[in-house]
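In my numbering, the protein residues as written are 18 to 375. Worksheet: one structure, shown below.
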Amino acid sequence: MTLRKVNISILIVAVVIFLLVIHHNFLSLSEFLRRELSDPSPLGLQPIDFIPAAPQRLADERNDKEISVVIAASDERLGGAIAAMNSIYQNTRANVVFHIVTLNDTVDHLRTWLRSPPLKNMRYRILDFDPRVLEGKVQVDPQKPDNFKPLTFARFYLPSFVPHAEKAIYVDDDVIVQDDIVELYNTPLKPGHAAAFSDDCDSTSSKVAVRGAGNQYNYIGFLDYKKETIRKLAMKANTCSFNPGVFVANLTEWKLQNITKQLEKWMALNVVEELYSKTLAGSITTPPLLIVFYKQHSSIDPMWNVRHLVLGKGTLLSLWKLPSCSTGMDISSPGEEQLPMLKSGRSGMSLTLQASST
């Protein structure tokens, strides 16, 4: 065999080996991607929609720093969630990404809203929440199963929604924002603190508290101090409570301290021992947070979470307008008590609106 033929044979063998290596790597990558996209997370959270790429013009106009905002969107309160997101989006130039936690039967309705002109350029990701994660942790009245609202517990699982973020904001669906969300995001958290909340005893919340809205702003209003398990914690009953409807989370610290597991522990204990107080309309989301974050949380500016803005049916305090969603609707009430300029607030109501088909 001539030297030339030997060289050709070696070259052919090298090419075949190279192609086999490429083929093997391609199959390995395909298998990896298949597992990543198909395997559910431990919570049963499945990404439904991924974040769309923003148009170049919008990418240039808005800041590059990504701000993660988590919000739950149930079908019966979808109008409120849309109004909350719109109010955040319209009041900032920041690169906000909404992580919308919902149930599977709400997805189509939600997508209809998100395709509307005011929201179509908004960056978001839809996550399906599996209520089975709450089995054994929440008592469900068999006579009133519809009273069980699994999405109210979404705030307990923040690292699962934004696993790669170091920090995130959680907002309830009855919040309307009037200031730049960047200010809230930049709230400094003390070392070792996994979250920052607004205390209920601050002067701003007291100013807008109205008769019938409830005036218990301490731990004894949420926890049953007759129970030995609560007394053993040595938490002062008159400690000011905080409101978990708007807060900033340090997700790195949250994961280090295993906050979610701590919350689940107290949820499960309550099922057995009934540790929560019945005096405040049976709140079941705030008590475990109060226990876990007792004297271990930072504070946000109280103007970011002003409560009780509804004085009566369909009546809101002045200076308070819902941003016009796709309906072009806003609600205001002239002639009511004047308040200092608010950054965000809680109306205590949620609109159920029908999205236009146009």
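From the three backbone atoms N, C-alpha and C, an ideal C-beta is built for every residue, glycine too. Since we're looking at a predicted model, the values are computed, not measured.
Residue i classed as buried or exposed, judged by whether at least 16 other C-beta atoms fall within 10 angstroms
| i | result |
| --- | --- |
| S26 | exposed |
| E281 | buried |
| G96 | buried |
| P261 | buried |
| D190 | buried |
| G209 | exposed |
| D122 | exposed |
| K154 | buried |
| P159 | exposed |
| I29 | exposed |
| A101 | buried |
| N275 | exposed |
| I143 | buried |
| P319 | buried |
| N255 | exposed |
| I34 | exposed |
| V192 | buried |
| R128 | exposed |
| D77 | Confidence is the limiting factor: at D77 the pLDDT is only 46, short of 50, which leaves the residue's position unreliable and the question unanswerable from this model. |
Same chain, Cβ closer than 6 angstroms to residue i, five either side skipped, listed in chain order
| i | result |
| --- | --- |
| Y311 | M252 |
| A31 | none |
| L240 | I247, S294, P304 |
| E83 | N112, V114 |
| T204 | A213, V265, I317 |
| L50 | Any reading at L50 must be qualified, since the residue scores a pLDDT of 41, below 50, and its modelled position is unreliable; the value itself is stated next. Same-chain partners within the cutoff: there are none. |
| M139 | Y106 |
| V157 | F165 |
| P148 | P167 |
Cβ pair residue i, residue j closer than 7 angstroms
| i | j | result |
| --- | --- | --- |
| V188 | V263 | yes |
| H116 | V87 | yes |
| A89 | A211 | no |
| F146 | V118 | yes |
| D216 | F259 | yes |
| L175 | S315 | no |
| V194 | S104 | yes |
| F173 | T277 | yes |
| W321 | L201 | yes |
Beta-carbon contacts of residue i that lie in its chain and below 7 angstroms, excluding the five residues immediately before and after
| i | result |
| --- | --- |
| L36 | none |
| I301 | V155, Y293 |
| Y234 | D217, C218, C257, S258 |
| L286 | T246, L292 |
| Q279 | V309 |
Other residues of its chain near residue i: CB distance less than 8 angstroms, five sequence neighbours each side excluded
| i | result |
| --- | --- |
| W283 | L292, P304, P305, I308, V309 |
Chain C contact for residue i (CB, 7 angstroms cutoff)
| i | result |
| --- | --- |
| A111 | Among the chains in the structure shown there is no chain C, since it carries only a single protein chain. |
Per the contact definition of three or more C-beta pairs closer than 8 angstroms, is the stretch 266 to 274 in contact with the stretch 182 to 190? Result yes; three or more Cβ-Cβ pairs closer than 8 angstroms.
Quick check on the DSSP output: what are the complete beta strand (DSSP E) runs of length 3 or more inside the stretch 147 to 196, in order along the chain? Here the runs fully enclosed are 184 to 188, 192 to 194.
When the Cβ atoms of the stretch 161 to 168 are set against those of the stretch 132 to 142, are three or more pairs found closer than 8 angstroms? Counting C-beta pairs closer than 8 angstroms gives fewer than three between the stretch 161 to 168 and the stretch 132 to 142, which falls short of the contact rule.
Length-filtered (4 minimum) alpha helix (DSSP H) runs lying within the stretch 224 to 300: 245 to 248, 268 to 273, 276 to 290
Going residue by residue through the stretch 72 to 147, where are the continuous beta strand (DSSP E) segments of at least 3 residues, counting only ones entirely within it? 83 to 89, 112 to 119, 140 to 145
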